[in-house]
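Count the sequence shown with the numbering used here and you get residues 17 to 348, in order.
The beta-carbon is built from N, C-alpha and C at its ideal position, and this holds for glycine as well.
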Amino acid sequence: MSAAATPKTTFYQEMLKSPRAVLAPMAGYTDAPFRRLALEHGAAWTVSEMVLARGFLAGERKSTELGAPYPGEPNLVVQLFGDDPEVLREAAAKAEALFSPVALDLNLGCPAPKLAGRGGACLLLTPERAYALVRAMRQGTSLEVSAKMRLGWDEDRSLEIAQGLEAAGVALLTVHGRTSRQRYQGQANWEAIGRVAEAVRVPVLGSGDVTTPEQFHTRLQTGVAGAMIGRGAVGNPWIFRQIATGAPAPSHRERIETALRHAELNVLWYGEFHGLRQLRKVLYRYFPANPELHPLLKQVSSLKELKQALLSAECPVAPEPLSDQECPVCGR
17 MSAAATPKTT FYQEMLKSPR AVLAPMAGYT DAPFRRLALE HGAAWTVSEM VLARGFLAGE
77 RKSTELGAPY PGEPNLVVQL FGDDPEVLRE AAAKAEALFS PVALDLNLGC PAPKLAGRGG
137 ACLLLTPERA YALVRAMRQG TSLEVSAKMR LGWDEDRSLE IAQGLEAAGV ALLTVHGRTS
197 RQRYQGQANW EAIGRVAEAV RVPVLGSGDV TTPEQFHTRL QTGVAGAMIG RGAVGNPWIF
257 RQIATGAPAP SHRERIETAL RHAELNVLWY GEFHGLRQLR KVLYRYFPAN PELHPLLKQV
317 SSLKELKQAL LSAECPVAPE PLSDQECPVC GR
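As structure tokens, this is what we get:
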């Protein structure tokens, strides 16, 4: 496939006919179980944890597992990380063949010091290299290629870089409203994101500090086509449903049901011991109004322990009158 070829798919355009909320890629969080949960609650699509392209091509198990879909997974975008055009070209082809995603994304936003010089946000210092990576990925795949970037390395160069990425052929841009040097400090600059959305023809998603439906709808006023939500969705997958349908906030009972659902998905994917240990950093976030549960939820190692931890709260668990359905923990 030549660099000038037009991708066969138009996934992003179809999905963004109206503003949508998307699960952002987060290392250690957006694995197959959480992606499934986010889709069940209304996310337009999900993005995998970043897959290290070089390790993926070498057949490293961890790199391969990070992008692996659950059986029949829809609307999966696989994000690749790297800095070598030939490696990204081959990784794009392999990802399309192995995972059957709907699109591929290039990571231009990871600020992790341990990965500096190997890809991610450091490419914003040499944007011509980033453009070459996009062109290479497009040569390797028939899918649409997008990119997720920050405003710049230590200053805002977002307009220049976004326009260069558009010229290289990206089908969509996601802009996190901080520089790499800021990491996650301070407030995301949505005015700068809005300027990018105005300056390019491809759809632009904004990212950063969207933790409520109200914030999502306010951010749309900047002209973006939607938002990627990362940290705001951890322990809070209902945010996608609330944005899509105007649904009310979850009840305490629904929090318990969803935490159990997440745990069960983790057990199916990782096995019980590793699945529950991996979820300890997330479970307590389902219950921000119940700090007394947090120490127990950070130590569970089995579904039985999780249910016992939830039973440690007053039960019946729901503060509102119970329906005819049984409590998911105590069976009452």
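{"Asked": "For M165, the three-state DSSP class (helix, strand or coil)", "Found": "strand"}
{"Asked": "First through last residue of the beta strand (DSSP E) which encompasses Q237", "Found": "Premise fails: Q237 is in no beta strand (DSSP E) and is neither H nor E."}
{"Asked": "Nearest candidate by alpha-carbon position, reference L349, set A74, G287, G98", "Found": "It is not possible to answer for residue 349, since the shown part of the chain is limited to 17 through 348."}
{"Asked": "Rounded straight-line distance, which links the Cα of P266 to that of I255", "Found": "9 Å"}
{"Asked": "Inter-residue spacing [alpha-carbon to alpha-carbon] between H263 and K320", "Found": "The question names His, yet the displayed sequence has Ala at residue 263. Going from the Cα of A263 to the Cα of K320 covers about 31 Å."}
{"Asked": "Buried/exposed call for H290, threshold 16 Cβ in 10 Å", "Found": "exposed"}
{"Asked": "A243 - partner residues in DSSP beta bridges", "Found": "A37, G222"}
{"Asked": "Pairwise C-alpha distance: V161 and L188", "Found": "7 Å"}
{"Asked": "From R197, T227, E65, A213, residue whose alpha carbon lies closest to that of W404", "Found": "With the chain represented from 17 up to 348, any question about residue 404 goes unanswered, as that position is not in the structure."}
{"Asked": "Proximity winner among F27, E30, A60, relative to A243 (alpha-carbon distances)", "Found": "A60"}
{"Asked": "Proximal residues to T80 (C-beta, below 7 Å), its chain only, five neighbours per side dropped", "Found": "F72"}
{"Asked": "Inter-residue CB distance, H278 and P49 (contact presumed, cutoff 8 Å)", "Found": "6 Å"}
{"Asked": "Pair within 8 Å by beta-carbon distance, A90 and L55", "Found": "What sits at residue 90 in the sequence shown is Pro, not Ala. The answer is yes: Cβ separation under 8 Å."}
{"Asked": "Where H57 falls: helix, strand or coil (DSSP)", "Found": "coil"}
{"Asked": "Beta carbon of L96 nearer than 8 Å to that of A108", "Found": "yes"}
{"Asked": "Close-in-space but distant-in-sequence residues of the same chain around W206 (CB under 7 Å, 5 per side omitted)", "Found": "G193, G222, R235, T238"}
{"Asked": "Best match in P35, F115, T46 for proximity to G248 [C-alpha to C-alpha]", "Found": "T46"}
{"Asked": "Euclidean distance between Cα positions of L327 and E270", "Found": "15 Å"}
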